[in-house]
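What follows is a single structure, written as structure tokens, with notes after it.
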Amino acid sequence: DQQVKQNSPSLSVQEGRISILNCDYTNSMFDYFLWYKKYPAEGPTFLISISSIKDKNEDGRFTVFLNKSAKHLSLHIVPSQPGDSAVYFCAASALGNQFYFGTGTSLTVIP
Amino acid sequence: NAGVMQNPRHLVRRRGQEARLRCSPMKGHSHVYWYRQLPEEGLKFMVYLQKENIIDESGMPKERFSAEFPKEGPSILRIQQVVRGDSAAYFCASSPSTGGAVGYTFGSGTRLTVV
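Going down the list, the sequences are from chains C and Z. Be aware that the first sequence starts at 230, since it is given in my numbering, and climbs by one per residue. Be aware that the second sequence starts at 9, since it is given in my numbering, and climbs by one per residue.
Shown next as structure tokens:
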């Protein structure tokens, strides 16, 4: 039972444009959400997070949006850079318990 | 300031052998999590441990898999009598508390190949 879903396995974007990565979840108890970035042969690295009391969190070129009613979150990267090419995982947890991860979206930023 | 250390990076085992995967959490982190990534899939939670205690093992297969995090030394994920389907990347993560504001810090993973 996949509680966190990333329905787009891959995304290609031109350098300088916006990348939008989407994530849906099913568990209404989830109250904390994170995005991780993963390069090949490396472990995931934390990128940005948002708690359920907010609907937006921004950190430099990265912004995460949360729509609780739709159980949807998205990661916006503006402007996209070639170094952003990686697999992005969204993750969610309830009450500080273990995180559930999506299947990932592979982003390719084309120079 | 070493991060989460996993070893070995690559492990090849024949069917029926045992695999031992080690994870040393970041300094000051007392919570350890093991995740498995099968080919073409996302990260699947396996087990959550604190020192000497298993807190949540709901993601662990019922047989052949075990985990420990002793008072001294690294956390160990042990797979007995490995089968081809165990081939995957196994990631360990640690946190100072229950995830929260900074989530986890992940190691680079151990890639297990069963031949």
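All residues carry an ideal CB built from backbone N, CA and C; glycine is no exception.
Inter-residue spacing [alpha-carbon to alpha-carbon] between residue i and residue j
i         : j         : result
Ser322(C) : Glu60(Z)  : 23 Å
Arg21(Z)  : Gln89(Z)  : 10 Å
Asn326(C) : Trp42(Z)  : 13 Å
Ser298(C) : Val122(Z) : 44 Å
Thr334(C) : Gly36(Z)  : 32 Å
Arg92(Z)  : Gly24(Z)  : 10 Å
His305(C) : Glu271(C) : 23 Å
Ser74(Z)  : Gly245(C) : 47 Å
Cys31(Z)  : His18(Z)  : 13 Å
Tyr56(Z)  : Gly67(Z)  : 9 Å
Gln58(Z)  : Cys100(Z) : 13 Å
Where the beta strand (DSSP E) through residue i begins and ends
i         : result
Ile63(Z)  : 61-64
Arg30(Z)  : 27-32
Asp284(C) : It is not in any beta strand (DSSP E) - Asp284(C) carries neither H nor E in the DSSP assignment.
Lys52(Z)  : 51-58
Lys70(Z)  : Element bounds for Lys70(Z): n/a, residue is neither H nor E.
Lys35(Z)  : Careful: Lys35(Z) lies outside any beta strand (DSSP E) and carries neither H nor E.
Leu336(C) : 334-339
Ile249(C) : 248-254
Supposed close pair residue i, residue j - CB separation, criterion 8 Å
i         : j         : result
Thr113(Z) : Met34(Z)  : 5 Å
Gln243(C) : Thr332(C) : That pair is no contact at about 25 Å.
Asp284(C) : Ile277(C) : Contact doesn't hold; Cβ gap of about 14 Å is too wide.
Tyr98(Z)  : Gly81(Z)  : With a Cβ gap of about 18 Å, Tyr98(Z) and Gly81(Z) do not count as contacting.
Phe294(C) : Val233(C) : At roughly 16 Å, the Cβ-Cβ gap does not stay under 8 Å, so Phe294(C) and Val233(C) are not in contact.
Ala96(Z)  : Arg28(Z)  : Contact flag wrong, Cβ pair sits at about 15 Å.
Ala320(C) : Phe262(C) : 7 Å
As an exercise, report each continuous alpha helix (DSSP H) stretch of at least 4 residues that is fully enclosed by the region 74-121 of chain Z, in chain order. none
Any C-beta of chain C within less than 9 Å: which residues of the region 65-77 of chain Z qualify? Ser66, Gly67
Note to self: Give me the subset of the region 323-339 of chain C whose CB atoms are less than 8 Å from a CB atom of chain Z, sorted by chain position.
What the structure shows: Gly325, Asn326, Gln327, Phe328, Tyr329, Phe330, Gly331, Thr332, Gly333
- Which residue spans inside the region 297-324 of chain C form an unbroken beta strand (DSSP E) run of at least 3? 301-306, 315-322
Scan the region 264-277 of chain C for residues whose Cβ lies nearer than 8 Å to a Cβ of chain Z and list them as they occur along the chain. Tyr265, Ala270, Glu271, Gly272, Pro273, Thr274, Phe275
Along the region 300-318 of chain C, what residues have a CB closer than 9 Å to any CB found in chain Z?
Phe318
Interfacial residues, the region 85-100 of chain Z to chain C, with Cβ spacing under 7 Å: Phe99
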